[in-house]
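**Student:**
Residue numbers (UniProt numbering): 1 to 160.
Next up, the structure:
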């Protein structure tokens with residue numbers, strides 16, 4: 001009983017929003033920032049062409065992330081629920097949106113799947129998503145402004 005259910009999964013990959021190049025790995029997003037990706041499958045079995053392969057995703061917090069990092073920090077949205085290949089090689093353009101709501105310095109492994117592990121076809125592609133640490137000027141400018149205000153108000157009190 002080694003029929004098509006035992007077939008090798010198709011080869012999936014994550015591409016940029018336009019579907020023209022591989023998505024970077026890792027993907028670095030500032031907290032609150034999003035990125036749009038495309039899902040590509042190659043080597044899709046003939047039996048799976050013109051079928052619906054449901055999209056699913058998983059998020060895991062990687063070691064070394066801040067303690068407050070949670071799997072719910074990364075949201076994965078799909079424009080539609082299924083990967084529906086029309087040929088043995090097919091790209092679903094701009095279908096995935098990843099949004100980072102995690103703390104700075106956190107790192108996550110995001111896996112996008114199409115199909116179920118018990119179906120004819122199943123494929124999964126993943127990327128590391130890093131939550132960007134703020135640049136020095138982003139942190140230094142507000143600190144300098146507060147110190148400047150403290151200095152100005154301290155000088156006004158001395159003059160009274």
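Idealized CB from N, CA, C, for every residue including glycine.
#1: From residue 81 to residue 31, what does the alpha carbon distance come to, in whole angstroms?
#2: What residue range is occupied by the uninterrupted beta strand (DSSP E) comprising residue 123?
#3: When you compare only the Cα positions, how much space is there between residue 57 and residue 113?
#4: In chain order, what residues of the same chain have a beta carbon less than 6 Å from the beta carbon of residue 28, not counting five sequence neighbours either side?
#5: Comparing alpha-carbon positions, which option in 71, 92, 78 and 109 lies nearest residue 15?
#6: Starting from residue 100, trace the beta strand (DSSP E) both ways and give me its first and last residue.
#7: Determine which residues share a DSSP beta bridge with residue 13 and list them.
#8: I need the DSSP call for residue 45, collapsed to helix, strand or coil.
#9: Less than 8 Å between C-beta atoms, sequence neighbours within five positions excluded: which residues of the same chain meet that for residue 3?
#10: So, do the segment 99 to 107 and the segment 61 to 74 have three or more beta carbon pairs nearer to each other than 8 Å?
#11: For residue 72, which three-state DSSP category applies?
**Tutor:** The short version:
#1: In the chain shown, the residue the question calls residue 81 occupies position 81. In the chain shown, the residue the question calls residue 31 occupies position 31. Those two C-alpha atoms are separated by around 26 Å.
#2: Counting from 1 along the chain shown, the entry for residue 123 is found at position 123. It spans 122 to 131 - the beta strand (DSSP E) in which residue 123 sits, taken as one unbroken run.
#3: The residue given as residue 57 occupies position 57 in the chain shown. The residue given as residue 113 occupies position 113 in the chain shown. The alpha-carbon atoms of residue 57 and residue 113 are separated by roughly 6 Å.
#4: The residue given as residue 28 occupies position 28 in the chain shown. Cβ within range, chain order: 130 and 132.
#5: Taking the first residue of the chain shown as position 1, residue 15 is located at position 15. Residue 15 has its Cα closest to that of 92, out of 71, 92, 78 and 109.
#6: Counted from its first residue, the chain shown places residue 100 at position 100. Its beta strand (DSSP E) spans residues 89 to 100.
#7: Translated into the one-based positions of the chain shown, residue 13 becomes position 13. In DSSP, residue 13 forms a bridge with 40.
#8: Your numbering for residue 45 matches position 45 in the chain shown. Of the three classes helix, strand and coil, the one that applies to residue 45 here is coil, per DSSP.
#9: Counting from 1 along the chain shown, the entry for residue 3 is found at position 3. The predicted model places residue 3 with a pLDDT of 40, which falls under 50 and marks its position as unreliable; any figure quoted below should be read in that light. Cβ neighbours of residue 3 beyond the five flanking positions: none.
#10: yes
#11: Here residue 72 corresponds to residue number 72 of the chain shown, with the count starting at 1. Helix at residue 72.
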